[in-house]
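J.: Numbering (numbering that gives the first Met the number 0), first residue to last: 0 to 202.
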Amino acid sequence: MEMDVERSPARTEKLDMKKLHQISGATLSETLISMSIAVVLIGIGIVGSIAIQRSFDASIRYANSQSEQVRVLDYMAMDLRRALSVSGGGTALRLTIPDYYDATGNPRTPTIVNGTATYGNAASVPVIRYFLEGSQFMREVNGAKTVIAENVQDFRFDFQDFNQVIEIAVTFVPTFRVNGNRDAARDGTRAVIRTLLRNRRQV
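#1: What beta strand (DSSP E) runs, 3 residues minimum, are completely inside the stretch 156-192?
#2: So, does the stretch 101-108 touch the stretch 68-79, judging by three or more C-beta pairs under 8 Å?
#3: For the alpha helix (DSSP H) that contains Y61, what are its first and last residues?
#4: Taking 9 Å as the cut-off, decide whether the C-beta atoms of V124 and L83 are in contact.
#5: Could you tell me the boundaries of the beta strand (DSSP E) in which K133 lies?
#6: Give the DSSP bridge partners of V140, in chain order.
#7: Reducing DSSP to helix, strand and coil, say where G215 ends up.
#8: Label S66 either buried or exposed according to how many other C-beta atoms from any shown protein chain fall within 10 Å of its C-beta, with 16 as the threshold for buried.
#9: Given this structure, state the Cα-to-Cα distance separating A183 from E29, to the nearest angstrom.
#10: Evaluate G87 with the Cβ neighbour count: other Cβ atoms within 10 Å of its Cβ, from every protein chain shown; 16 or more gives buried, anything less gives exposed.
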């Protein structure tokens with residue numbers, strides 16, 4: 000025997016209010032706490048992304064500086080191998096090389112005197128200078144300048160003279176350095192070449 004139980008309107012209204020209470024939204028305090036947590040998380044994300052971007056930029060700059068450092072040392076080694084005289088210190092290096100080629104670009108035939116090969120006029124040999132000029136590293140041949148490295152305002156090179164062997168060390172300051180100590184950071188970027196002068200040194 001089935002019985003139809005008919006709910007009274009008051010009972011139905013009571014049940015509906017109960018459901019409404021169960022699915023009601025968050026309170027003001029819960030909303031504020033949620034917003035505070037969201038703001039903190041967003042702030043952490045922004046700070047982290049800025050740090051990653053700065054680290055990426057510093058890595059790119061470090062790699063570029065190392066590339067320019069190698070270029071400068073390659074040029075110096077090329078000229079030092081054939082140098083007749085070398086002098087330098089601080090931020091400049093000066094050397095002379097034999098005048099291997101005439102004005103038309105043809106190789107000269109050397110004159111041998113007392114075991115020394117002389118090309119062209121010994122009194123007017125080409126003079127090569129390396130020096131920093133602003134943010135550029137310059138190579139100058141008889142007054143004609145060529146830029147061989149850019150954005151190297153923090154480059155420094157040290158010159159050690161061992162008679163027929165010349166040692167050149169090039170350093171730079173990385174973008175991020177420990178406790179702001181430039182000299183300690185510079186030591187970590189030191190690159191050195193030791194070059195034997197193939198010609199008999201004149202000065």
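Cβ coordinates follow ideal geometry from the N, Cα and C atoms, glycine included.
T.: On the basis of the coordinates in this document:
#1: 164-170
#2: no
#3: Taking the sequence shown and counting its residues from 1, one reaches residue 61 at position 62. It spans L27 to R80 - the alpha helix (DSSP H) in which Y61 sits, taken as one unbroken run.
#4: Indexing the sequence shown from 1 puts residue 124 at position 125. Indexing the sequence shown from 1 puts residue 83 at position 84. Their beta carbons are under 9 Å apart, which means V124 touches L83 by this criterion.
#5: Within the sequence shown, residue 133 is the residue found at index 134, counting from 1. With the sequence shown as reference, residue 133 is identified as Gly, and Lys is not the correct amino acid for it. Here G133 belongs to no beta strand (DSSP E), and DSSP marks it neither H nor E.
#6: Position 141 of the sequence shown holds residue 140. BP columns for V140 point to I127 and A143.
#7: There is no way to answer for residue 215, as the model of the chain reaches only from 0 to 202.
#8: Working through the sequence shown from its first residue, we reach residue 66 at position 67. When all chains shown are included, S66 counts as exposed.
#9: Indexing the sequence shown from 1 puts residue 183 at position 184. Indexing the sequence shown from 1 puts residue 29 at position 30. The alpha-carbon atoms of A183 and E29 are separated by roughly 52 Å.
#10: Looking up residue 87 in the sequence shown gives position 88. Buried: at least 16 other Cβ atoms inside 10 Å.
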